[in-house]
Amino acid sequence: MSIHERHRLSVVVNARGTFTPLGVSRSSAGVAGAVAEALPEFFVMEELRDRVSDAIASATGAQAGTVVHCTSSAITLAVAAAMAGTDPRRIAALPDTRDMHNRVVIPAVHVVDYGQSNLQAIRLAGAHVSLAGDENRCGLDDLDEALDEQEVSCLLLTSSRLTHGEPLDLTAAVRLAHRRGVPAIIDGAGQFPRTADLLATGADLVLISGQKYLASPTAGLVAGSRRMVQAVRAQDRGIGRGMKATKEAVVGVLAALEEWQAMDRAKWEADQATKVTSFVQAAGEIPGITAEVIPDPTSLPLSRALLTVEDAAGLARELEAGTPPIYVMTDRVDEGQLVLELIPLDAGEIATILDRLRVLLDK
Ligand SMILES: *Cc1c(COP(=O)(O)O)cnc(C)c1O
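Residue numbers are given in full-length UniProt numbering: position 259 of the sequence shown equals residue 259, and the series is strictly consecutive.
Here you go:
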């Protein structure tokens with residue numbers, strides 16, 4: 001009996017990307033094996049955390065790293081680290097930030113909702129938010145003005161396809177913060193393959209969801225300067241307690257990082273590109289569909305299939321209503337477009353999607 005049958009759960013085809021409500025990603029057999037090996041064992045957790053710091057450093061080029069429960073908690077704990085540092089009294093006082101610099105500056109174009117608003121993840125540490133610019137535009141002048149306020153503890157930036165408005169130059173933004181002695185944190189949750197690029201902006205911390213493109217168990221990877229990573233680790237004795245990484249998550253991250261470093265990345269990218277190209281070719285032959293390959297808008301090394309149809313919202317609904325339910329990206333339905341991410345899908349699942357499209361459009 002499969003795990004889905006045993007617990008009476010739906011089998012789904014996930015062409016929606018690293019989507020939390022569908023279980024995010026598929027871990028490899030190697031990662032799953034490492035997790036299974038870790039569960040019945042004891043560890044000195046500080047040793048495990050030292051090892052994962054070395055592994056994150058060697059995979060990303062950061063000075064140090066640590067792992068917390070997920071990126072949402074990594075945002076809260078990075079902000080806590082910026083406010084309380086490693087001071088035990090301040091760590092114990094959070095979320096009471098009375099005698100601390102407790103303003104977090106965030107460009108309004110970087111306010112995103114990944115199921116929760118990132119503003120709440122910031123406020124959970126006891127910090128107050130100062131928005132720079134408006135939701136359409138945050139220029140460097142707007143940012144400089146916000147950073148000029150009193151009591152600023154850090155600058156939070158988001159690198160994601162969820163951001164809106166005109167793109168902001170992250171390197172220039174980090175430089176503005178550093179000119180005032182303010183640390184800069186980048187939430188790059190869905191950007192694991194770009195971690196080194198995000199660190200190259202000069203950011204003090206880069207936050208990554210391990211369960212997204214690293215395909216580890218759920219984990220928030222925190223990569224950055226030794227001092228700031230140390231301060232994030234120190235929050236364990238405070239609000240970080242409920243946001244800790246489990247032993248099996250840390251071991252899973254170690255295994256996934258090892259696989260990532262051993263992997264032939266050029267071959268992986270070429271294989272993924274072929275998968276998208278042949279899907280687009282087959283989908284394009286279905287009457288009523290115009291199909292094309294689109295690159296990731298944030299320069300992740302992957303592409304997706306873009307389908308233009310007459311009634312995109314209706315088609316998405318019908319795909320989900322079938323057996324098995326097929327989930328696709330629906331943020332462009334208003335323009336008559338559906339986007340499909342194929343990375344975790346096998347040939348059988350891709351054939352299922354094409355068959356379903358043929359049936360639904362042949363009416
Ligand atoms: C997914 C996501 C998060 C949340 O990550 P979790 O690891 O699920 O907590 C935060 N920020 C952005 C931009 C995301 O895409």
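Glycine included, every Cβ here is placed at the ideal spot set by N, Cα and C.
- Using a C-beta cut-off of 8 Å, the segment 32-49 makes no contact with the segment 191-199, since fewer than three inter-stretch Cβ pairs fall below that distance.
- At a cut-off of 6 Å, the beta-carbon of T76 does not count as near ligand 1: no heavy atom of the ligand is closer than that.
- The straight-line gap separating the alpha-carbon atoms of P287 and H7 is approximately 39 Å.
- Between the C-alpha atoms of T97 and A127 there is a straight-line separation of about 7 Å.
- Here D187 is buried. Its C-beta has 16 or more other C-beta atoms within 10 Å.
- A distance below 7 Å separates the beta carbons of G220 and T71.
- Nearest C-alpha to V12 among L360, L361, E349, D362: E349.
- Residue side-chain check: G190 places its Cβ nearer than 6 Å to a non-hydrogen atom of ligand 1.
- In this structure, DSSP gives V24 a state outside helix and strand, which the three-state scheme calls coil.
- In terms of side-chain proximity, the C-beta atom of Y114 is found nearer than 6 Å to a non-hydrogen atom of ligand 1.
- The Cβ atoms of G65 and A223 sit closer than 7 Å to each other.
- Relative to F192, the option among D334, A59, L143 whose CA is nearest is A59.
- Restricted to the segment 123-205, the beta strand (DSSP E) segments that are unbroken, complete and at least 3 residues in length are 128-132, 152-158, 184-187, listed in chain order.
- Counted as a single uninterrupted DSSP element, the stretch harbouring I294 is not any alpha helix (DSSP H) but the beta strand (DSSP E) occupying residues 290-295.
- The beta carbons of Q235 and L77 sit about 5 Å from each other, so the pair counts as a contact at 8 Å.
- In the three-state scheme derived from DSSP, where H, G and I count as helix and E and B as strand, Q211 is classed as coil.
- Taking the C-beta atoms as reference points, T298 is found nearer than 7 Å to R161.
- D296 has its CB no nearer than 6 Å to any heavy atom of ligand 1.
- Following the DSSP letters along the chain, one finds S2 in no alpha helix (DSSP H), marked with neither H nor E.
- Cβ-Cβ distances below 6 Å link S225 to Q63, D204 in the same chain, with the five nearest sequence neighbours on each side left out; the list follows chain order.
- Note on T277: under 16 other CB atoms within 10 angstroms of its CB, so exposed under the neighbour-count rule.
- Taking 7 Å as the cut-off, the beta carbon of T86 is found no closer than this to the beta carbon of A266.
- For ligand 1, no non-hydrogen atom lies closer than 6 Å to the CB of C154.
- Cβ-Cβ distances below 6 Å link D142 to A132, G133 in the same chain, with the five nearest sequence neighbours on each side left out; the list follows chain order.
- Distances from the CB of D187 to the heavy atoms of ligand 1 include at least one below 6 Å.
- Short of 6 Å from the beta carbon of T290, and not among the five residues preceding or following it, lie these beta carbons of its own chain, in chain order: T308.
- When Cβ pairs closer than 8 Å are counted between the two stretches, the segment 311-327 is seen not to touch the segment 258-272, the count staying below three.
- For A305, the enclosing beta strand (DSSP E) starts and ends at 303-308.
- Remark: the C-beta of T71 is in contact range of ligand 1, defined as less than 6 Å to any heavy atom.
- T163 is a Cβ neighbour of H110, given a cutoff of 7 Å.
- Relative to the non-hydrogen atoms of ligand 1, the Cβ of S209 comes within a distance shorter than 6 Å of at least one.
- Distance from the CA of R51 to the CA of P21, rounded to the nearest whole angstrom, comes to 31 Å.
- Burial check for R179: the Cβ neighbour count within 10 Å stays below 16, so the residue is exposed.
- Taking F279 as the centre and dropping the five residues before and after it, the same chain places the C-beta of A305, L342, I350 closer than 7 Å to its C-beta, in chain order.
- G139 and A262 have their alpha carbons spaced roughly 40 Å apart.
- In this structure, ligand 1 has a non-hydrogen atom nearer than 6 Å to the beta-carbon of T20.
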